[in-house]
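Colleague:
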Amino acid sequence: MSETALLQNYLLVGSILFGLGLTGFLIRRNLIVMFLCAEMMLQGVSLSLIAWGRYHNDWSGQMLVIFIITVAACEAGIALALVLALCRKSGSLDIVNWQNVREEGRMPYIDQEVPAEAVESEVWPTLTPAGIEPATDQQELYRSNV
Amino acid sequence: MNGCWLLAATTDSSSAWAELGSKLSGTEGRAIIGWALAVLALWLIGPNSSHSRKIAGAVFGVLGLGVFWSFVPAMSFLPAESVFLLLAGLTIFAAVATISARSPVYSAIWFACSLLGTAGLFLFQGAQFLGIATIAVYAGAIVVTFLFVLMLAQPEGHAFFDRVSWGKSPRAVIPVVTMAIVSLIAYQFGKSDIRNHVKAEELVARTVTELGGSDAAVRKVVHHQDGDVTVVEVDVVASEAALSKLEDSKAELQRSIGERIPDWSKCVVDFQTNTDVRTADHVAHLGGQLFGANLIGVEVAGCLLMMALVGALVVAGLDEEKKPGATAR
Amino acid sequence: MSDNLIILIPFFPLLAAILIAILGPKLLKENSHYVTVLAFAASFFCSLMLFFSVQGQVVEEGTSFESVTTLWTWAAVDNAMIDADGHSVPFLIDVTLRSDALTSIMLCMVTFIATLVAIFGAGYMHGDRGYWRFFAYVSLFVFSMTMLVSVSNFLLLFVFWEAVGLCSYLLIGFWYHKPEASAAGKKAFLVNRVGDFGFALAIFLIWINYGTLNFHDYVVDGQVIIPGVFGQMRLGGALPYVQGGMATAICLLLMLGACGKSAQFPLHVWLPDAMEGPTPVSALIHAATMVTAGVYMVTRCTPLFHASPDAQVTVACIGGFTALLAGLIALTQHDLKRVLAYSTVSQLGYMFLALGTGSLAGIVAGMFHLFTHAFFKALLFLGSGSVMHAMGNVIDMRRFGGLRHLMPWTFRTFLVGCLALAGIFPFAGFWSKDAILASVHDRAYPGAHAHDSGHDADHDADEHATHSVALLSADHAGSNQPNAYTNIYVWLYRSACFTAFLTAFYTFRAFFLTFYGPQVIPDEAGHHAHESPPMMWIPLAILAVFAFLIGFVSELDHKFAHLLTSTPSLAFAGMQDTMQPGGFHMDIAISSTIIAVLGIALAAFLYLGHQREVEAISKLKLVAPLRALSLNKFYLDEIYTWAIVKPLEYLGIIYFWLDRWLVDGLVNLVGKLPVVLGSGLRNLQTGLLPFYSLSMVVAMVILLFLGQVLWGGG
Chain A
1423 MSETALLQNY LLVGSILFGL GLTGFLIRRN LIVMFLCAEM MLQGVSLSLI AWGRYHNDWS
1483 GQMLVIFIIT VAACEAGIAL ALVLALCRKS GSLDIVNWQN VREEGRMPYI DQEVPAEAVE
1543 SEVWPTLTPA GIEPATDQQE LYRSNV
Chain B
34 MNGCWLLAAT TDSSSAWAEL GSKLSGTEGR AIIGWALAVL ALWLIGPNSS HSRKIAGAVF
94 GVLGLGVFWS FVPAMSFLPA ESVFLLLAGL TIFAAVATIS ARSPVYSAIW FACSLLGTAG
154 LFLFQGAQFL GIATIAVYAG AIVVTFLFVL MLAQPEGHAF FDRVSWGKSP RAVIPVVTMA
214 IVSLIAYQFG KSDIRNHVKA EELVARTVTE LGGSDAAVRK VVHHQDGDVT VVEVDVVASE
274 AALSKLEDSK AELQRSIGER IPDWSKCVVD FQTNTDVRTA DHVAHLGGQL FGANLIGVEV
334 AGCLLMMALV GALVVAGLDE EKKPGATAR
Chain C
5 MSDNLIILIP FFPLLAAILI AILGPKLLKE NSHYVTVLAF AASFFCSLML FFSVQGQVVE
65 EGTSFESVTT LWTWAAVDNA MIDADGHSVP FLIDVTLRSD ALTSIMLCMV TFIATLVAIF
125 GAGYMHGDRG YWRFFAYVSL FVFSMTMLVS VSNFLLLFVF WEAVGLCSYL LIGFWYHKPE
185 ASAAGKKAFL VNRVGDFGFA LAIFLIWINY GTLNFHDYVV DGQVIIPGVF GQMRLGGALP
245 YVQGGMATAI CLLLMLGACG KSAQFPLHVW LPDAMEGPTP VSALIHAATM VTAGVYMVTR
305 CTPLFHASPD AQVTVACIGG FTALLAGLIA LTQHDLKRVL AYSTVSQLGY MFLALGTGSL
365 AGIVAGMFHL FTHAFFKALL FLGSGSVMHA MGNVIDMRRF GGLRHLMPWT FRTFLVGCLA
425 LAGIFPFAGF WSKDAILASV HDRAYPGAHA HDSGHDADHD ADEHATHSVA LLSADHAGSN
485 QPNAYTNIYV WLYRSACFTA FLTAFYTFRA FFLTFYGPQV IPDEAGHHAH ESPPMMWIPL
545 AILAVFAFLI GFVSELDHKF AHLLTSTPSL AFAGMQDTMQ PGGFHMDIAI SSTIIAVLGI
605 ALAAFLYLGH QREVEAISKL KLVAPLRALS LNKFYLDEIY TWAIVKPLEY LGIIYFWLDR
665 WLVDGLVNLV GKLPVVLGSG LRNLQTGLLP FYSLSMVVAM VILLFLGQVL WGGG
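Residue numbers (the numbering used here), protein chains in the order written: chain A, 1423 to 1568; chain B, 34 to 362; chain C, 5 to 718.
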């Protein structure tokens, strides 16, 4: 199996993961989802590092990934605390709520129209009816347990 | 203008089509096509898209991935190839689902799936410890924390801001930008002299396996041009006997490489022995590295974690209880 | 010893200036004058010692004496110029001080007057807000002036020429909150610029033609490396002086500089306005010392002028004309200080007239007049300052009068000054003015006094005179002094005689108006209307003694002439050979005294008692316009205003608008660019975090792409 081919495949996966994470980070407005996307970008980078480490027969790649995971954990802790604080202040996880630090006189971004939720086929799982409906004792139903 | 173009197209249509085809199948053309397909896919797979759009997006996405994969060489070992593709596919599919899920809870779950895929890819690379650590730390701890926070912060369910993006047309613009990065990286692979290299690598590997049997394994092959001579440096893990055998068959190997690869007609093979990262006691070695060369880093990371813990407590605001109803907007 | 002395003389005033500048505002305050007076006195003492030392050396060494002290090398450039012979000439400026007769006389005069003026100023300036500032400036001035007369290099001469100009500017504008004073300061500075421009050009020409700016020979191990402009090599005839048009150009440009500093026509207009400064300053700078710098410089450059008879006659004409013009203007001025100022201009004109004769007698006479004039003009100015002090700063003669009983000491000393200025025997002015008239007369009527001169020589049994008589009979052909301009000198002589009459008249007019007639005291005087304190009148008395005696003493045995002619610049063959030194001509002395007495008598007739005659004469149809002409200073200020100031002003306005709209417009355009750009970029500050991150990513992608395109990836 070709090491070079392996490396390049991994780099491509890593870059796609990175690109998707970036896309999500930029498109989504939910603070938590944005944060997930940032973590996804880190994953993409981790993949590349591991692949390079193997290719160069070197431990540094894996070392770096370990530290990335550590820093990501710290980041997650603080960021989630921040998200929580922000959410308490504004009442929602929407990042667009936080545009106070803008040029004076410039109007804030306001959603013009919010599209309705796309219709999902809300088909709930159902069980086939079986057996006889049991008789219910109304008194039993409302009797106090005490 | 249009008339002229039509005329030209009709009179010389066959050659024009051929030219167009060669252009499109060239490196630049494929990069652009892959880019366009990926952008289209991401545009279609929005959080608020209908099922049909999502399916169309998925089709385009798969096509785009195919185009991108045409830039990198195949691994030429089918089981490995299929396992890798499975894991990569899972990872990428889960990633796309993460960014396009309408509900953040689903996003988090899909992200966990993506992490599983990544962990598999780590294992595939031989990074056993990291694979497990990713599952344990990320999927186990971080994602669960996310879910907790989601429960704390967003009890009312679907929010409008999960359906729309911000600004005027970021959904169209952002994929263009981000996929440009992917496309540029893929284009880099396509441009390089990689296929010859992979071919040579396979030749060397085959030769080494034939001659050395289980005593020898190719670690890595690198090459560089020295004038018109191509120097192929082979990094092998081999016993003394196997190595001397390999040295004897060097001329043969050089000749066969020269025959198989026209660009490398003059070729010099150079064997080097080395130790492997993928040793049997991998985790022990990793630990040795971590607490040896990187000990200070570990200590610093520990401090960082400690501070992050304290910081998170401060930021989350334990005394927030004293100010009930602190809603700014 | 003279080395140390020549360094100490400027050192004391400089030390005083620095001390007062640093300690004055907080520590010295009202005691600043002690420092200045002590420094000046020390300086004067050193000057006297230097003077006697030089005199001794002159007696020992014969006709020519100089001593050069090099302090340090200021500038040295090798191969600064390739001269006509293909030798490379270094540009070497040493800070050198010289002591010779001319310098030592000037130093004595400057430091003596400065000491007395400083004592007077301590009384005069008492209670002024800028008391310490005044003494700092005066000290700085005396430092610059002593340096000016003792440096041995044209460039350094120019530096201190500017330095005294600066001090003059600072002191004229001393009361800067008074608009007239600051305007006068600016006027003095700007008019002087014209002259300094000429002087600078002259220095450039000298450098080009002589390859050095040093006065002295640059000697290493007894070998002359660079012959100086007035060095022994050139003066001894080993090297020629530049002749012809170039010589004339150099001299006329030097003369332009001298005109600026010494207030000669057409650059005399600043001096009367300079009277806005404190009166001690007028006495020191604008009467006795700084304004004579031009005379000093022309005297120092005698060998250069000697090479150009055209330039000499120009100097004489300018001097004679200025003397006449200023005398005419002084006739009708009402301001006591202005009368004295015009008188100064007139007397300086006299000096230049004497210098312009080109004869040794003339130059000695000019310097002699400079010397005596310093005493009696300082006396007159200080006297007028005393009057001004008593009259509450009123100086208009129409508003006071009859002060002789009120201010007896001022009256007496002023009288001595007036008599000296008018040239009455035996006051100082008589001797020097007579010497000037005699020298001009000699030039106008060559040979007329051959007999007198011979008589003189017999009388004095002076070896110098004998020498010159012997040479007088020598052939004139060797000299380049043709008698082509004799006619001009005849007219100049007549005009000088007339000016002498005018001088006597206007001097005594001012004197009578101030001290005679009914006692009138202006309201501003208040309780000040009394004799000035001793601190002020004692310097007056000292000066009066000198104004009375100095001429007589100096003229004994031709002491002054004998000493002065030992100056290297004057003691060279071409000069010594052709011209006799000033002789005492009885006929000229008598006629000039008669002229002066006539002037005094006319003044007494018109201005003593009732002034009916004055009114009557001024109403005469013929006199009235002339009187207006004189009163308005021949409208010269107005002519300058319309011919030079106004056009420049309009040009300035044009440039102002050009600068405002074109240059500033361009600059503002550059300034506006970021504003305009910013107002566009400002909209990018949306406050939307995703937008910011998107911008970041876009930039990153662009960089990646550029990297790909430009460097083929990597």
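For each residue, glycine too, the CB sits at the ideal point set by N, CA and C. Just so you know, these numbers come straight off a predicted model, no measurement behind them.
B:G321: buried (16+ other C-beta within 10 angstroms of its C-beta) or exposed?
Modeller: In the second sequence, the residue the question calls residue 321 of chain B occupies position 288. Burial call: exposed.
Colleague: So which residues of chain A does C:P694 contact, with C-beta pairs closer than 7 Å?
Modeller: The count along the third sequence starts at 1 and reaches residue 694 of chain C at position 690. The contacting residues are L1448 and I1517.
Colleague: Restricting to Cα atoms, I'd like to know which of B:I125, B:V209 and B:H191 is closest to A:S1437.
Modeller: Taking the first sequence and counting its residues from 1, the one referred to as residue 1437 of chain A is at position 15. Considering only alpha carbons, the answer is B:I125.
Colleague: If I follow the unbroken beta strand (DSSP E) through A:T1426, where does it start and stop?
Modeller: For the purposes of this step, residue 1426 of chain A is taken as the residue at position 4 of the first sequence. Not the beta strand (DSSP E): A:T1426 falls in the alpha helix (DSSP H), residues E1425 to I1449.
Colleague: At which residues does the beta strand (DSSP E) containing C:Q337 begin and terminate?
Modeller: If you number the third sequence from 1, residue 337 of chain C lands on position 333. It is not in any beta strand (DSSP E) - C:Q337 carries neither H nor E in the DSSP assignment.
Colleague: Less than 7 Å between C-beta atoms, sequence neighbours within five positions excluded: which residues of the same chain meet that for B:E234?
Modeller: Start at 1 with the first residue of the second sequence, and residue 234 of chain B comes out as number 201. Here the set comprises V254.
Colleague: Would the beta-carbon of C:Q337 fall within 8 Å of that of C:K381?
Modeller: Working through the third sequence from its first residue, we reach residue 337 of chain C at position 333. Working through the third sequence from its first residue, we reach residue 381 of chain C at position 377. No, the pair does not count as a contact, with Cβ atoms beyond the cut-off.
Colleague: For C:N218, which beta-bridge partners are listed by DSSP?
Modeller: Within the third sequence, residue 218 of chain C is the residue found at index 214, counting from 1. According to DSSP, C:N218 bridges with C:N157.
Colleague: Could you tell me the alpha carbon to alpha carbon distance between C:Y21 and C:Y141, rounded to whole angstroms?
Modeller: On the third sequence, residue 21 of chain C is found 17 positions in, with the first residue counted as 1. On the third sequence, residue 141 of chain C is found 137 positions in, with the first residue counted as 1. One point to set straight first is that residue 21 of chain C is Ala, not Tyr, in the sequence displayed. Spanning the two alpha carbons is a distance of roughly 7 Å.
Colleague: Considering only DSSP beta bridges, list what C:G405 is partnered with.
Modeller: Within the third sequence, the letter at position 401 stands for residue 405 of chain C. Note: C:G405 sits in a beta bridge opposite C:V524.
Colleague: So, with DSSP's three-state summary, where would you put C:Q227?
Modeller: Counting from 1 along the third sequence, the entry for residue 227 of chain C is found at position 223. Here C:Q227 sits in strand by DSSP.
Colleague: Could you tell me if C:A474 is buried or exposed, where buried requires 16 or more neighbouring beta carbons within 10 angstroms of its beta carbon?
Modeller: The residue you call residue 474 of chain C lines up with position 470 of the third sequence. Caution applies to C:A474, whose pLDDT of 38 falls short of 50 and renders its modelled position unreliable; the value that the coordinates give is listed next. Exposed, since its Cβ has fewer than 16 Cβ neighbours within 10 Å.
Colleague: The alpha helix (DSSP H) spanning A:C1509 covers which residue range?
Modeller: Residue mapping note: residue 1509 of chain A aligns to position 87 of the first sequence, counting from 1. Run containing A:C1509: S1482 to S1512, per the alpha helix (DSSP H) assignment.
Colleague: Ordered along the chain, which non-local residues of its own chain (more than five positions away) have a Cβ less than 8 Å from that of B:I78?
Modeller: Walking along the second sequence from the start, residue 78 of chain B turns up at place 45. Cβ within range, chain order: R86, K87, G90, A91, G94, V129 and S133.
Colleague: At a CB-CB cut-off below 7 Å, which residues of chain D make contact with A:L1444?
Modeller: Of the protein chains in the structure, A, B and C, none is chain D.
Colleague: With distances taken between CB atoms, is the gap from C:L106 to C:T326 smaller than 8 Å?
Modeller: As a position in the third sequence, residue 106 of chain C is number 102, starting the count at 1. As a position in the third sequence, residue 326 of chain C is number 322, starting the count at 1. No, Cβ-Cβ distance for C:L106 and C:T326 is not below 8 Å.
Colleague: Just by C-beta distance, which residues in the region 188 to 203 of chain B are closer than 9 Å to chain C?
Modeller: Listed by position, the residues of the region 188 to 203 of chain B near chain C (Cβ gap below 9 Å) are S198, W199, G200 and P203.
Colleague: In angstroms, rounded to a whole number, what distance separates the CA positions of A:D1480 and B:W76?
Modeller: Here residue 1480 of chain A refers to the residue found at position 58 when the first sequence is read from its first residue. Here residue 76 of chain B refers to the residue found at position 43 when the second sequence is read from its first residue. Approximately 39 Å, taken between the alpha carbons.
Colleague: Once you ignore the five residues that flank B:A41 on each side, which residues in its own chain have a CB closer than 8 Å to its CB?
Modeller: Taking the second sequence and counting its residues from 1, the one referred to as residue 41 of chain B is at position 8. Reliability fails at B:A41, whose pLDDT of 47 lies under 50, so the model's placement of it is uncertain and no value is given.
Colleague: What does the alpha-carbon distance come out to for the pair C:L692 and A:I1532?
Modeller: Walking along the third sequence from the start, residue 692 of chain C turns up at place 688. Walking along the first sequence from the start, residue 1532 of chain A turns up at place 110. Cα to Cα, C:L692 sits roughly 11 Å from A:I1532.
Colleague: Take the Cβ of A:S1514 as the centre, count every other Cβ of all protein chains shown within 10 Å, and call the residue buried at 16 or more, exposed below.
Modeller: Here residue 1514 of chain A refers to the residue found at position 92 when the first sequence is read from its first residue. Answer is buried; the Cβ neighbour count reaches 16.
Colleague: Just mark B:A71 as buried or exposed, buried being the case when its beta carbon has 16 or more other beta carbons within 10 Å.
Modeller: Locating residue 71 of chain B in the second sequence gives position 38, where the first residue counts as 1. Buried, by the Cβ-count rule.
Colleague: Can you list, in chain order, the residues of the region 207 to 218 of chain B whose Cβ is nearer than 8 Å to any Cβ on chain C?
Modeller: Within the region 207 to 218 of chain B, the residues whose Cβ lies closer than 8 Å to some Cβ of chain C are I207, V210, T211, A213, I214 and L217, listed in chain order.
Colleague: Are the CB atoms of C:T417 and C:A548 within a distance shorter than 8 Å?
Modeller: Sequence index remark: in the third sequence, residue 548 of chain C carries index 544 (1-based). Sequence index remark: in the third sequence, residue 417 of chain C carries index 413 (1-based). Yes, they are a contact pair.
Colleague: Can you tell me whether DSSP reads B:G350 as helix, strand or coil?
Modeller: Numbered from 1 along the second sequence, position 317 holds the residue referred to as residue 350 of chain B. Three-state result, B:G350: coil.
Colleague: Does DSSP put C:P94 in a helix, a strand or coil?
Modeller: Taking the first residue of the third sequence as 1, we reach residue 94 of chain C at position 90. Three-state result, C:P94: strand.
Colleague: Taking the Cβ atom as the reference point for each residue, do A:V1505 and B:V182 lie within a distance shorter than 8 Å?
Modeller: Counting from 1 along the first sequence, the entry for residue 1505 of chain A is found at position 83. Counting from 1 along the second sequence, the entry for residue 182 of chain B is found at position 149. Result yes, Cβ atoms of A:V1505 and B:V182 sit closer than 8 Å.
Colleague: Taking the alpha carbon of B:R196 as the point to measure from, which residue in A:I1488, A:E1535 and A:G1527 has its own alpha carbon closest?
Modeller: The residue labelled residue 196 of chain B in the question sits at position 163 within the second sequence. Checked all of A:I1488, A:E1535 and A:G1527; the closest Cα to B:R196 is A:E1535.
Colleague: With 8 Å as the threshold, decide whether the Cβ of C:L707 is near any Cβ in chain B.
Modeller: Here residue 707 of chain C refers to the residue found at position 703 of the third sequence. So no, C:L707 is outside the interface.
Colleague: Just to confirm before moving on: does the CB-CB distance between A:R1451 and A:I1517 stay below 8 Å?
Modeller: Numbered from its first residue, the first sequence carries residue 1451 of chain A at position 29. Numbered from its first residue, the first sequence carries residue 1517 of chain A at position 95. For A:R1451 and A:I1517, yes; Cβs fall inside 8 Å.
Colleague: Against chain B, which members of the region 671 to 692 of chain C pass a CB distance test of less than 7 Å?
Modeller: Listed by position, the residues of the region 671 to 692 of chain C near chain B (Cβ gap below 7 Å) are L692.
Colleague: Taking DSSP as the reference, what is the three-state secondary structure of C:C305?
Modeller: As a position in the third sequence, residue 305 of chain C is number 301, starting the count at 1. C:C305: coil per DSSP, three-state reduction.
Colleague: Does the count of Cβ pairs from the region 127 to 139 of chain C and the region 534 to 550 of chain C closer than 8 Å reach three?
Modeller: With a cut-off of 8 Å, the region 534 to 550 of chain C and the region 127 to 139 of chain C count as touching, because enough Cβ pairs lie within range.
Colleague: Whose Cβ in chain B lies nearer than 9 Å to the Cβ of C:L698?
Modeller: For the purposes of this step, residue 698 of chain C is taken as the residue at position 694 of the third sequence. Within 9 Å Cβ-Cβ: G200, P203, V206, I207 and V210.
Colleague: Determine the direct distance from the alpha carbon of B:G291 to that of B:S298, and round the result to whole angstroms.
Modeller: The residue given as residue 298 of chain B occupies position 265 in the second sequence. The residue given as residue 291 of chain B occupies position 258 in the second sequence. So the two alpha carbons sit approximately 4 Å from each other.
Colleague: Mind pulling the chain C residues with CB within less than 9 Å of A:E1569?
Modeller: Shown here, chain A extends from 1423 to 1568; a query on residue 1569 of chain A therefore has no answer.
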